[in-house]
Amino acid sequence: MARQPGFTLVEIMVAVAIVAIAFIPILGLITTDYTLATKTVNQSKGGALVSKLIEEVKHVPFATYQKECPELLQEKPLPIPEKYYPETSASLLALKQAADREYWLEATMQGAKNEAGQLVEIYFQAEIRWRDRGGRETTTQEERRLRAAALIFNPETKF
């Protein structure tokens, strides 16, 4: 049998095996990069929402809180009513409808009074939570969270 130019089936199989072995780590890197990018995007969205909430509640006039939330004088944390952050609520709702993940938000405020019984400052704290895949009930994914806080001084306080 005369030898003909070309490749044998064994040579082709060895070449395919070498290429496959070389591509396995590259595919792993691509998958890892995608996962990290997704986590970063989720964290950015969460950070934007929690920052937006803090900014919204900071710009409500102090007199409004004094009039509508007399419980602040008890100096205990209480939930921030959603009417004080309507844009954040709308953004959160839009995000829930558009994504495959669910973000949930907890926001509290706590007042501090002086000896004269005047509301001196309000401490706002917001925490947003999510899972990279799924919602609250998903147990296979780690729960992620971000917090933000602000302390606002009452400019009308008399000393």
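Counting the sequence shown from 1 gives a position; the working numbering is that position plus 40.
The C-beta atom is built at its ideal place from N, Cα and C for all residues, glycine as well.
So, is residue i buried or exposed, given that buried needs 16 or more other C-beta atoms within 10 angstroms?
| i | result |
| --- | --- |
| Glu115 | exposed |
| Met53 | exposed |
| Glu23 | With the chain covering 41 to 199 only, the question about residue 23 has no answer from this structure. |
| Asn154 | exposed |
| Glu122 | exposed |
| Val90 | buried |
| Leu17 | With the chain running from 41 to 199 in the structure shown, residue 17 is simply not present. |
| Phe164 | buried |
Going by beta carbon distance, what residues of the same chain come within less than 6 Å of residue i, once the five residues before and after it are set aside?
| i | result |
| --- | --- |
| Phe102 | Asn194 |
| Gln158 | Thr197 |
| Glu146 | Glu167 |
| Met149 | Ile120, Ile162, Phe164 |
Alpha carbon to alpha carbon, how far is residue j from residue i? Give it in angstroms, no decimals.
| i | j | result |
| --- | --- | --- |
| Ala60 | Ser84 | 36 Å |
| Gly73 | Ser129 | Residue 73 is actually Asp in this sequence, not Gly. Near 31 Å, if we compare the C-alpha coordinates of Ser129 and Asp73. |
| Gln181 | Trp144 | 15 Å |
| Arg187 | Ile162 | 17 Å |
| Leu49 | Ala57 | 12 Å |
| Thr178 | Arg169 | 13 Å |
| Pro110 | Leu135 | 33 Å |
For chain E, find out if any of its Cβ atoms is closer than 8 Å to the Cβ of residue i; answer yes or no.
| i | result |
| --- | --- |
| Glu167 | Included in the structure is just one protein chain, with no chain E present. |
So what does residue i bridge to, in DSSP terms?
| i | result |
| --- | --- |
| Ile192 | Ile162 |
| Lys153 | Leu159 |
| Glu167 | Glu146, Arg187 |
| Arg173 | Looking at the DSSP assignment, Arg173 forms no beta bridge with any residue, so it has no partner. |
Residues in the same chain with beta-carbon distance under 7 Å from residue i, minus the five sequence neighbours each way, listed in chain order, please.
| i | result |
| --- | --- |
| Gln106 | Leu159 |
| Arg176 | Glu142, Trp144 |
Excluding sequence positions up to five away, which residues of its chain have a Cβ less than 8 Å from the Cβ of residue i?
| i | result |
| --- | --- |
| Leu113 | Gly151, Lys153, Gly157, Leu159 |
- prompt: At what residue ranges does the region 70 to 133 contain a whole run of the alpha helix (DSSP H), taking only runs of 4 or more?
  reply: 102 to 108
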